[in-house]
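Visitor: Take a look at the following structure, please.
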Amino acid sequence: MIPFSPPHIDDAIIREVTDALRSGWITTGPKTKQLEKELATYVGVQDVLCLNSATAGLELMLRWFGVKEGDEVILPAYTYSATANVVIHCGAVPVLADVNGDDFNIDIQKMEAAITARTKVIMPVDIGGLPCDYAAINRVVNEMQHKQKFVPATAEQEKLGRIMVLSDAAHSIGATYQGKRTGTLADATVFSFHAVKNLTTAEGGAVCLHLPAPFDNAFIYRQLNTKSLHGQNKDALAKMQKGNWEYDIVEAGMKCNMPDVLAAIGLATFRSYENMHLPRRKQLAHRYAEAFKEFDWAQLPVIDTSDKTSSYHLYMLRIRNIHVTQRNAIIQNIFDQDVAVNVHFKPLPLLTYYKELGYKMEAYPVAFDNYSREISLPLYVDLTDEQLDLVVKAVIKARHDVLSVS
Ligand SMILES: *Cc1c(COP(=O)(O)O)cnc(C)c1O
Numbered sequence: 007m008i009p010f011s012p013p014h015i016d017d018a019i020i021r022e023v024t025d026a027l028r029s030g031w032i033t034t035g036p037k038t039k040q041l042e043k044e045l046a047t048y049v050g051v052q053d054v055l056c057l058n059s060a061t062a063g064l065e066l067m068l069r070w071f072g073v074k075e076g077d078e079v080i081l082p083a084y085t086y087s088a089t090a091n092v093v094i095h096c097g098a099v100p101v102l103a104d105v106n107g108d109d110f111n112i113d114i115q116k117m118e119a120a121i122t123a124r125t126k127v128i129m130p131v132d133i134g135g136l137p138c139d140y141a142a143i144n145r146v147v148n149e150m151q152h153k154q155k156f157v158p159a160t161a162e163q164e165k166l167g168r169i170m171v172l173s174d175a176a177h178s179i180g181a182t183y184q185g186k187r188t189g190t191l192a193d194a195t196v197f198s199f200h201a202v203k204n205l206t207t208a209e210g211g212a213v214c215l216h217l218p219a220p221f222d223n224a225f226i227y228r229q230l231n232t233k234s235l236h237g238q239n240k241d242a243l244a245k246m247q248k249g250n251w252e253y254d255i256v257e258a259g260m261k262c263n264m265p266d267v268l269a270a271i272g273l274a275t276f277r278s279y280e281n282m283h284l285p286r287r288k289q290l291a292h293r294y295a296e297a298f299k300e301f302d303w304a305q306l307p308v309i310d311t312s313d314k315t316s317s318y319h320l321y322m323l324r325i326r327n328i329h330v331t332q333r334n335a336i337i338q339n340i341f342d343q344d345v346a347v348n349v350h351f352k353p354l355p356l357l358t359y360y361k362e363l364g365y366k367m368e369a370y371p372v373a374f375d376n377y378s379r380e381i382s383l384p385l386y387v388d389l390t391d392e393q394l395d396l397v398v399k400a401v402i403k404a405r406h407d408v409l410s411v412s
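Residues in the sequence shown are numbered consecutively from 7, following the numbering used here.
Pasting the structure below:
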């Protein structure tokens, strides 16, 4: 069986984790802080906060900005449920926008049309690792007509004076847009280090802070850190200092810090991320493109453009002129050939919870079309060229088998 996305675990990772285990300090401490520093340098921002998931990072940022009942947050209909669930957690309304038919990202015109006086945040998602069109998104939120419509309800909202752009970059660490890395393209950007993501800590995530002046991102880092630890004004490491036992709780915060044992996995992986992981992923994505380009039925995903490079997180192939049932049959056939594939994603309106809230799939026809023809192929550093060629063969055969009987 060719697996879909196994984690890359090598001796360097095992050594780093063992080092954490033997150090006497296993929760948030020196390794997590080191990972934050290295991420900040890599991305090109001053302040990065590591957490136990991207979900926690997104929710923490929404809470920091004061998103609550009565507010709206715009996000694509085509994303993982985490992007929308955090909006629900805050009591606000996820407002969905349809997506593009070339890449899978949010349609900027649909996004802009969804803005109302209740809109507090826009959450673009870099699907598959390809950055959204951030110049256009940032232009929209800075337009006078939208700024005038914006109704600030907290000091932070007053200070920003416009809709906040919170990038869900769960897929796109290391990707670039106009020569700049994700992490610097929005007011705040959240990476995921979940087991299947490009850079993993088993579970984990990070918030890159990039709010404009007069915001003090170092101060916001401390605010978020407190919010990630029950609103406790001292973390466990600070309390370890001699006689420094006393603490206070300043709000009913969340509990979503990253432990050092997990940060160790990320630290070790990160050392080879730029020079081994990204180039290998790129190579594999281009090998798929080469293999499929001769087939009219294969709609290749956008992986690089003149101003974007992907993190090559997913290889999202679409097959032209098929229906959901045929797509599903093709997937079954591929599995029967011992190749694991996946679908990214089931659009939010197809999920029971969102369906019951009244979201209608018909309102997002491009998202549905993308979904109904999409198959994500295995793409990870340890995939060999030979395995990739087997995946290609399996896809070609499966499509042929399914379409010749229907
Ligand atoms: C994986 C993923 C998340 C959530 O990441 P966690 O670290 O598991 O919380 C959010 N958004 C998208 C698009 C994802 O794929």
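Ideal placement from N, C-alpha and C gives every residue a C-beta, glycine not left out.
Small disclaimer: the values here were computed from a predicted structure and weren't measured.
(1) Answer yes if the segment 155–169 comes into contact with the segment 88–99, meaning at least three C-beta pairs across the two stretches below 8 Å, and no otherwise.
(2) Quick one: grab the DSSP three-state call for residue 391.
(3) Can you name the start and end residues of the beta strand (DSSP E) that residue 44 belongs to?
(4) Hey, residue 135 and residue 320: beta-carbon distance below 8 Å or not?
(5) Identify, in the order they occur along the chain, each residue of the same chain with its Cβ nearer than 6 Å to the Cβ of residue 206, setting aside the five sequence neighbours on each side.
(6) Note down, one range per segment and in chain order, each alpha helix (DSSP H) of at least 4 residues found wholly within the segment 133–191.
(7) At a cut-off of 7 Å, would you count residue 177 as near ligand 1, judging by its Cβ distance to the nearest heavy atom?
(8) Less than 7 Å separating the Cβ of residue 86 from some heavy atom of ligand 1?
(9) Assign residue 85 to buried or exposed, taking buried as 16 or more other Cβ atoms, counted over all protein chains shown, within 10 Å of its Cβ.
(10) Residue 75 to residue 355, Cα distance in whole Å?
(11) Report the rounded CA-to-CA distance for residue 365 versus residue 89, giving the unit in angstroms.
(12) Can you give me the C-alpha to C-alpha distance between residue 229 and residue 170, rounded to a whole angstrom?
(13) Under 8 Å, do residue 9 and residue 384 count as touching if we go by C-beta distance?
(14) Cβ-heavy atom distance between residue 198 and ligand 1 below 7 Å?
(15) Going by DSSP, what residue range makes up the beta strand (DSSP E) through residue 322?
(16) By Cβ distance, which residues of its chain are closer than 6 Å to residue 133, with the 5 residues on each side in sequence left out?
(17) Just checking residue 174 against ligand 1 - is the residue's beta carbon closer than 7 Å to any of the ligand's heavy atoms?
(18) Have a look at residue 369 and residue 220 and give me their C-alpha separation to the nearest angstrom.
(19) Which residue comes first and which comes last in the beta strand (DSSP E) that contains residue 82?
(20) Determine whether the beta carbon atoms of residue 211 and residue 363 lie at a separation below 8 Å.
(21) How should residue 380 be labelled, buried or exposed, when 16 other C-beta atoms within 10 angstroms of its C-beta is the threshold for buried?
(22) Within this structure, are the beta carbons of residue 401 and residue 340 separated by less than 8 Å?
(23) Exposed or buried, what is residue 60 when buried is set at 16 or more other beta-carbons lying within 10 Å of its beta-carbon?
(24) Taking 8 Å as the cut-off, decide whether the C-beta atoms of residue 408 and residue 332 are in contact.
(25) My guess is that residue 253 and residue 240 are in contact by the Cβ rule of under 8 Å, so how many angstroms apart are they, rounded?
Guide: Reading off the structure:
(1) Because the criterion of three Cβ pairs below 8 Å is not met, the segment 88–99 and the segment 155–169 do not touch.
(2) Position 385 of the sequence shown, counting from 1, holds the residue named residue 391. Residue state for residue 391 is assigned as helix, using DSSP reduced to three classes.
(3) Within the sequence shown, the letter at position 38 stands for residue 44. Unbroken run through residue 44 is the alpha helix (DSSP H), 36–49; no beta strand (DSSP E).
(4) For the purposes of this step, residue 135 is taken as residue 129 along the sequence shown, with counting starting at 1. For the purposes of this step, residue 320 is taken as residue 314 along the sequence shown, with counting starting at 1. With a cutoff of 8 Å on beta-carbon distance, residue 135 and residue 320 are scored as near each other.
(5) As a first step, residue 206 is located in the sequence shown; it is residue number 200 there, counting from the start. Result list for residue 206: 13, 199, in chain order.
(6) Runs of the alpha helix (DSSP H) inside the segment 133–191: 140–148, 150–155, 161–166.
(7) Within the sequence shown, residue 177 is the residue found at index 171, counting from 1. True, at least one ligand heavy atom lies under 7 Å from that Cβ.
(8) For the purposes of this step, residue 86 is identified with residue 80 of the sequence shown, where counting begins at 1. Residue 86 Cβ: within cutoff of ligand 1.
(9) Position 79 of the sequence shown, counted from the first residue, corresponds to residue 85. Looking at its Cβ environment, which holds 16 or more other Cβ atoms inside 10 Å, residue 85 is buried.
(10) For this step, residue 75 is matched to residue 69 along the sequence shown. For this step, residue 355 is matched to residue 349 along the sequence shown. Cα to Cα, the separation comes out at about 21 Å.
(11) Position 359 of the sequence shown, counted from the first residue, corresponds to residue 365. Position 83 of the sequence shown, counted from the first residue, corresponds to residue 89. About 15 Å.
(12) What you label residue 229 is simply residue 223 of the sequence shown in a count that begins at 1. What you label residue 170 is simply residue 164 of the sequence shown in a count that begins at 1. When rounded, the distance between both Cα atoms is 17 Å.
(13) One-based indexing of the sequence shown puts residue 9 at position 3. One-based indexing of the sequence shown puts residue 384 at position 378. Closer than 8 Å, so yes.
(14) As a working note, residue 198 is residue 192 in the sequence shown. Yes, since a heavy atom of ligand 1 falls inside the 7 Å radius drawn around the Cβ of residue 198.
(15) Within the sequence shown, residue 322 is the residue found at index 316, counting from 1. Start and end: 321–325.
(16) As a first step, residue 133 must be located in the sequence shown, where it is residue number 127. So the list reads 110, 111, once near-sequence residues are dropped.
(17) For the purposes of this step, residue 174 is taken as residue 168 along the sequence shown, with counting starting at 1. Residue side-chain check: residue 174 places its Cβ nearer than 7 Å to a non-hydrogen atom of ligand 1.
(18) Here residue 369 corresponds to residue number 363 of the sequence shown, with the count starting at 1. Here residue 220 corresponds to residue number 214 of the sequence shown, with the count starting at 1. One C-alpha to the other measures close to 39 Å.
(19) Numbered from its first residue, the sequence shown carries residue 82 at position 76. It spans 78–82 - the beta strand (DSSP E) in which residue 82 sits, taken as one unbroken run.
(20) For this step, residue 211 is matched to residue 205 along the sequence shown. For this step, residue 363 is matched to residue 357 along the sequence shown. In this structure, the beta-carbon distance from residue 211 to residue 363 does not fall below 8 Å.
(21) Counting from one through the sequence shown, the residue named residue 380 turns up at place 374. Buried.
(22) Residue numbering aside, residue 401 sits at position 395 when the sequence shown is read from its first letter. Residue numbering aside, residue 340 sits at position 334 when the sequence shown is read from its first letter. Between residue 401 and residue 340, the gap from beta carbon to beta carbon is short of 8 Å.
(23) In the sequence shown, counting from the first residue as 1, residue 60 sits at position 54. Taking every protein chain shown into account, the CB of residue 60 has 16 or more other CB atoms within 10 angstroms, so this residue is buried.
(24) Here residue 408 is taken as the residue at index 402 of the sequence shown, counted from 1. Here residue 332 is taken as the residue at index 326 of the sequence shown, counted from 1. Closer than 8 Å, so yes.
(25) Stepping through the sequence shown from its first residue, residue 253 is reached at position 247. Stepping through the sequence shown from its first residue, residue 240 is reached at position 234. The distance from the Cβ of residue 253 to that of residue 240 is about 5 Å, consistent with a contact at the 8 Å cut-off.
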